[in-house]
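Be aware that the sequence shown starts at 49, since it is given in this note's numbering, and climbs by one per residue.
Ideal placement from N, C-alpha and C gives every residue a C-beta, glycine not left out.
Scroll down for the structure; my scribbles are underneath it.
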Amino acid sequence: MIRIDGLTKEYAGKRVVDGLDLRVEKGELFGFLGPNGAGKTTTIRILTTLTKPTSGNVFINGFDVVRSPASVKSQFGIVQQHMSLNRDLSVRENLDFHARLHHLSYQVRKDRIEELLEYVELTKHADQLIDQLSGGLKRRTMIARSLLHRPRLLFLDEPTVGLDAQARRRVWDLIRKMNKDGSTVFLTTHYIEEAEALCDRVGIIHNGRLIALATPLQLRRRLGMITVENQGCGNTTVYSFFPNREEAAKYVSGLPGQDKVLMRESNLEDVFVELTGQKVLDK
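Set out below in C-alpha cells:
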C-alpha cells in the first residue's frame, strides 16, 4: 500500500528525512513512531501530498505522490491531530459538507452518511452541534468524515490525543474494526502503549532515519523480555534488560540490599527509549 524508496527532504540545507526506505502492506495496521523532530511529520506530509520530497520516490497503492497527487488523494483518508471540524455545523452537516467536496451525489452521500453514523456509533448524536460533543465523539466524527469516500488507506495522526482513558479505548476499538474491515492504517502516536496494543508492526524514526522495523514483540525480544529498574543509584533509575526472569533474578540478587528494585516485563517504550535515547515527548 505504501512504498518509500530513498526518501530525502531538506529544509534550508538541513536534512530532516534521510534516505528513508519503507514498505507498508495492504491490510496492515502500521505504527510510525519517533521523538519530536525525528522526521515523522515531514514524512506524513509527503505521503499525503502536502510537501514534495527533495529526492526519492513515494507511492500510495501504486500512484506516485509527486506525479499523480489527485489519484493519491483518492486513495487515503486522514484524521489529523488537531480538531478540524466546523463548530457551527452539526455532525451530519459536517459529514455532508465533506461529502460534497468529494463530489458524492445526493443519494450516495445521504446513504453513506447514515451508514457511517451507525458505523462509528454516532446516530443519536447526528444532529448535535460539534461544540456540544465530548472529545471522544468529536474524534469519532473526524474518523467518519475520513471514511466518506471509501479510502483504501487511513492516516491517523495522534488519533487519541487529549482523550481520557475510556474514550481512548473506544477509539482503539474503532481503529481495530476499520482495519478488520479491510482498511490499511498508518498510525502515528506519542502514546507508546497505543502502538503496542494496536499495531502489527512499528517503525521507529530518529534523526530522519528508520532505526527499527518489526513487530512490537520482536523488538522487545531483541532488547530483552524482562526489565529491571534499579532506583538505588542516586536520583537516576538504571534500566537493565534480560531475556528471561531467571537471568534477571540472578542480576537482582547481586545488587546492594538497600537498592529499590522493580522487576517487570519489558514494553515498547523501553525499546523506544533505548534506541532513541529520549522519551517520546522529549523536545
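Cβ-Cβ distance between residue i and residue j below 8 angstroms
i	j	result
leucine 181	histidine 146	no
phenylalanine 320	leucine 81	yes
glycine 87	valine 65	yes
leucine 68	isoleucine 52	yes
glycine 117	threonine 97	According to the sequence provided, residue 117 is proline. The question's glycine does not apply to it. Closer than 8 angstroms, so yes.
proline 199	phenylalanine 111	no
alanine 174	arginine 140	yes
Spatial distance of residue i from residue j (CA atoms)
i	j	result
glycine 251	leucine 70	9 angstroms
leucine 104	lysine 57	Checking the displayed sequence, the identity of residue 104 turns out to be glycine instead of leucine. Taking the straight line joining both Cα atoms gives about 9 angstroms.
leucine 258	leucine 95	16 angstroms
aspartate 229	aspartate 136	32 angstroms
arginine 193	glutamine 279	47 angstroms
proline 207	glycine 272	30 angstroms
lysine 74	leucine 246	16 angstroms
aspartate 330	proline 83	Unreliable placement is indicated for aspartate 330, whose pLDDT of 43 sits below 50; no coordinate value is reported for it.
methionine 190	aspartate 307	49 angstroms
glycine 54	leucine 143	37 angstroms
glutamate 242	tryptophan 220	8 angstroms
leucine 165	leucine 152	17 angstroms
phenylalanine 107	glutamate 277	43 angstroms
leucine 323	lysine 100	29 angstroms
Member of the options whose CA lies at the smallest distance from the CA of residue i
i	options	result
alanine 297	Leu164, Thr237 and Leu310	Leu310
phenylalanine 290	Val114, Asn315, Ala260 and Asn283	Asn315
valine 127	Thr99, Pro83, Arg157 and Arg188	Arg188
glutamate 294	Thr275, Gly75 and Arg218	Thr275
valine 113	Lys74, Leu143, Ile50 and Tyr239	Ile50
leucine 211	Leu170, Gln123, Arg224 and Lys186	Lys186
glycine 325	Glu313, Tyr287 and Val300	Tyr287
Supposed close pair residue i, residue j - CB separation, criterion 8 angstroms
i	j	result
leucine 149	isoleucine 178	At roughly 17 angstroms, the Cβ-Cβ gap does not stay under 8 angstroms, so leucine 149 and isoleucine 178 are not in contact.
leucine 202	methionine 226	6 angstroms
glycine 184	alanine 213	Not a contact, Cβ separation roughly 11 angstroms.
beta-carbon residue i near the ligand ADP non-hydrogen atom, thresh 7 angstroms
i	result
lysine 228	No copy of the ligand ADP occurs in the structure displayed, which carries no ligand at all.
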